[in-house]
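Protein chains in written order, with our numbering: chain C, 19 to 362; chain X, 19 to 362; chain Y, 19 to 362; chain F, 19 to 362. Backbone N, C-alpha and C fix where the C-beta goes; we use that ideal spot for every residue, glycine too. Some notes on the structure that comes next.
Dropping the structure here:
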């Protein structure tokens, strides 16, 4: 089957690589001619054809055309509009980026009068997707999603990448192969959004726990190192451990309840840089963590853990500063307390 | 009635000032001779007698002696032990500092064989206590707390400092006058501990809210000021307000649901220093905020708000750094994301 | 000066009462004829004129007309549209309800071509506003807000209702009188929204703290009352207090750091119903708590405390149930743990 | 090598099974004779010898004796005391249960004068440990931990159970085989405690996210189903998804960032009981989640996510009720708001 790919960043290029490896063909578009040429060269037997001209790209696709857009969220809307001008009834536009699902609902509706179908695919897997396959969360109309089945199967990890869930029998569902039609337009990005919200919370759980291990020798500080306003430890003998955090993450990878892919990656990062000195601790957040909280609030679903993990990221970037100044100002006002200088 | 005061810091001295103003007398002790002399001089008609010798202090007290210890928590235990050596059956030791209530339970038990009574008094009011009176939360045996009644009444704010609660009639309870016998040994510090836990949460509520007001003009940042990893505002037109935060705190003081003494103080602090430039935003925590969470956990009481406010203080002092580095390391590992530099 | 009031619920009627008491006059509208008649009767010397016909209402107003809309948020938009049809260039529509400030920005823009001015007024004070005055947070154009000044002054509490903030001198600002022009359209509701967000957090701080006091006698439970899966108390002797929670809220009203109007109200509620048996504990949330978190996320401001307080309200209404079932299912899966039945 | 096991519950018995499968032998003790006999019968060639008499148990062990205690935390202390009476200098007591690490520090010290060595082993793996191996976190003196090496190796999962971490070379560390000497007495249980704290947070992240998916069709509720005090959805069209939550957990198992063992188990639980009707949603907590927060507070480490996950468990058991009643009482007091009845 043939796939058209718009945008040859890491994700777009790797998706193309996975499908041609499985015998599919690709027509690819990027504004950078070198990028296009280089990927074209990878395709054996002419399986990848490329162009820097969008009209040429569309012309090269077989009907019904399948155009997968894999570009930064900020310009996705514009490019989809351009594509829509060139495509015809029955063709399919896929947004595989990180759009907010609100956009999907609007776009699907806007394309409907032209008979162009819209499919949103939330894609997880990061830099490891080429090797491991991408987990695909798909929203759109059923006939179109079914039409894409053989492509999705090639991009997804496949059933062999995890042990079968006990109790599941017979032909594996697509979910067992790593891709799932979640519902109508937007459903794919909705599920991907919640996936990322969970990711925030799980990451924070590890990060906070490791911080406790990292400070487990605080009892060895002498009493004089505590300032007048600090609470000295009641039992410093309880905090005399020099924990080897990289080794702890390693041991948890085998047999423990918290074993996970995130932990695997953390163990690798800590092995490479045991004190994480290459990171300053300013944690970015992409939109999906925020949108998850918004959705939870709209639904009236309590998400104290997910929200706390988002807000901790904001704080990591200094965004709590004014609030903290207000707190110190209050303490000074009612108790005459002066702020203590930083230790470091 | 006569009160013995050990420790003439701001709190101890102000308590003495309040009782002598009401016609009581005081014997005071401090290790600093100048401090003692200076307070003695304030007492008209010899109402305040001072010494730097603990034995002399005890000797100057009428039986049953009342010795109020008002010194830093770190040395309270030691001084109480010294006092206990000098006191006799029937005498009363008061701990008016910020001891953990666990200590009160132990001390009351330890003093029992000698017939010395122990009373713990949680004291709120800060630097304004002299003028406004101190809110007193008292733990101990009933006869002793009753014996202290006239002193407590003089130290407390008195019924006139707040409107009477609708529905209350007849003789005012001591709570209506600003002091309360909360229960046996430790009960005073227990209630004071929870008071401070609430204080943390309420303070954080104001601080976070004011931070939202402070950033309400973020929509005026040009799009180019958002980095690739930041989520640009979907609707910058919603965040074009230059809010005068000091004036907002002032207007809320009258008629609003969030009017409070903490807000009064915040309004004053913001009037004096509208951008709070004199505060760096490193917020100290005393033990009581921590102990409150410990108690809640022991009791199985959910305190998400109080805990969040404590942890935000820890974060304000840089204690989340390692956790934040772990998060950035994970993001780099699965997504190839690089940390963004600080804007400032 | 004359005010037109649309909607004679408790808030609308009380605002009218406050201004006529100060010598202003009012034209009032409500769909309920009895309500209109009854309020008309209150106005001495014909100071209140009423009608159930919107066109009549508009006709009775002097130009430039001032029409204050004080009705449920759900129908505010519709009524403002109807009013806009009847009003003329130079007239002023006030939305004094609980609209989201997004609406204000849209409405002000929509009314601009007609020359009708739009003013949003966030109003705090609740059922006590008549007696205490209402705290007014105002958004809109400066000339119109200035035009309304004498009305706002009458509705607001006035400078005497709180001690003057130390350091403030000279003529009092309007904020010191209880009303504030916060910025252009929407600014009033924006500040009111944050006010309510803070209210949520502060309320939760009290509620959680009182819960700790309420369970302070948990140590008196016999060991056999703890189930196999519960953590028995390591030191039950620490939780033997029977705290009189109503009296504690009363004592904190005088001299303590957490004294506030919310605490005054809590003390009254606990005096009237010491065990709060008339409340089931299903806590409603109005939109403003939610919108506050949305705004914080848009601004990238961490609000762990405010968010936790909102989510606790969701949980109070059973909205965490599915999440809790997932947790129990996980525990059963990895540890074979069975859920424990409710004690009650 | 020989292991003595005290307590033949699921964990103790499975550990014995793992070591004898690897060629080791065991002496086992339990108060239940049938349990002892049954496990004895499993041991081929007499590799498992059992008794219900503790003295006999000790007598059957080769010196230096290794006695692994695997019983409920509540009685561990008592049994260790009994064992200590029977053991001799050089022998080793292992606590493999869920003791608080504070106890380990005390016990190791208490046993020192007798020359008995104390080793604490935090054990993760739950009901799957027999097949997958147990992740072992070990605290104690180095010579003793080294002495136990071949046993620990047999109990742990082994290096093959996870892909090797990139960058690790040469002989695998014990952590890579699934066991780790974390430090002196208590270090094993300390690391296990933090493991469980992380487990709480990660579990809550999944649970909250799935709850958002579960309610994604809330927009299909008609407007009339929202009560006066509820915020009706501004855009119900955004919440029209009927998400198949069991399939979503399945698809995330392959290739996604949130793939983990906890997710595997959740997928299995949801496959078996798609609506989780067999769970009421009252989530137990064992001590370790609580102790983790205590340790974080002692260290001054912010753990907003871990704490929120603990408190949500408390709330799931109704422990927020009084706080929620306080909130409703406040809302009634200032706004005249009545509580809304439950929908269900």
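For residue i, write down the residues that DSSP places opposite it in a beta bridge.
i              : result
residue 66(Y)  : 44(Y)
residue 86(C)  : 23(C), 112(C)
residue 153(Y) : 142(Y)
residue 135(X) : 110(X)
residue 198(Y) : 155(Y)
residue 278(C) : 278(F)
Going by beta-carbon coordinates alone, are residue i and residue j separated by less than 8 angstroms?
i              : j              : result
residue 310(F) : residue 230(C) : yes
residue 271(C) : residue 282(C) : yes
residue 261(F) : residue 234(F) : yes
residue 94(F)  : residue 113(F) : yes
residue 224(F) : residue 208(C) : no
residue 39(F)  : residue 142(F) : no
residue 306(C) : residue 32(C)  : no
residue 226(C) : residue 324(F) : yes
residue 316(F) : residue 257(C) : yes
residue 278(Y) : residue 278(X) : yes
residue 195(Y) : residue 110(Y) : no
Using CA coordinates, which residue listed in the options is at the minimum distance from residue i?
i              : options                        : result
residue 365(X) : 156(X), 332(X), 274(X)         : Not covered by the structure: residue 365(X). The range shown for chain X is 19 to 362.
residue 197(Y) : 332(X), 267(X), 207(X), 178(X) : 267(X)
residue 170(C) : 21(C), 330(C), 358(C)          : 21(C)
residue 49(C)  : 338(C), 41(C), 27(C)           : 27(C)
residue 62(F)  : 69(F), 42(F), 80(F)            : 42(F)
residue 291(F) : 351(Y), 167(Y), 64(Y), 89(Y)   : 351(Y)
residue 144(X) : 313(X), 324(X), 280(X), 341(X) : 280(X)
residue 180(F) : 80(F), 53(F), 193(F), 265(F)   : 193(F)
residue 178(F) : 269(C), 128(C), 239(C)         : 269(C)
residue 65(Y)  : 90(Y), 252(Y), 160(Y), 78(Y)   : 78(Y)
residue 185(F) : 312(C), 71(C), 289(C)          : 289(C)
residue 319(C) : 108(F), 330(F), 322(F), 318(F) : 330(F)
residue 295(C) : 188(X), 344(X), 313(X), 284(X) : 344(X)
residue 140(Y) : 174(Y), 150(Y), 69(Y)          : 174(Y)
residue 118(C) : 71(C), 205(C), 166(C), 165(C)  : 205(C)
residue 264(F) : 46(C), 125(C), 69(C), 199(C)   : 199(C)
residue 151(Y) : 108(Y), 34(Y), 342(Y)          : 34(Y)
Report the neighbours of residue i on chain B: residues whose CB is nearer than 8 angstroms to its CB, in chain order.
i              : result
residue 354(F) : Given the protein chain composition of this structure (C, X, Y and F), no chain B is represented.
Measure how close the beta-carbons of residue i and residue j come, nearest whole angstrom, since I'm counting them as under 8 angstroms.
i              : j              : result
residue 58(Y)  : residue 67(Y)  : 7 angstroms
residue 250(Y) : residue 237(Y) : So it is not a contact: roughly 10 angstroms between Cβ atoms.
residue 299(X) : residue 346(C) : 6 angstroms
residue 23(C)  : residue 51(C)  : About 16 angstroms separates the two Cβ atoms, so there is no contact after all.
residue 147(F) : residue 89(F)  : That pair is no contact at about 16 angstroms.
residue 357(F) : residue 297(Y) : 6 angstroms
Original post:
Would you call the stretch 213-221 of chain X and the stretch 122-134 of chain X touching, i.e. three or more CB-CB distances under 8 angstroms?
Top reply: The stretch 213-221 of chain X is not in contact with the stretch 122-134 of chain X.
Subject >> Cβ contact (3+ pairs, closer than 8 angstroms) linking the stretch 97-111 of chain C and the stretch 65-85 of chain C >> reply: Contact between the stretch 97-111 of chain C and the stretch 65-85 of chain C is present: three or more C-beta pairs spanning the two stretches fall below 8 angstroms.
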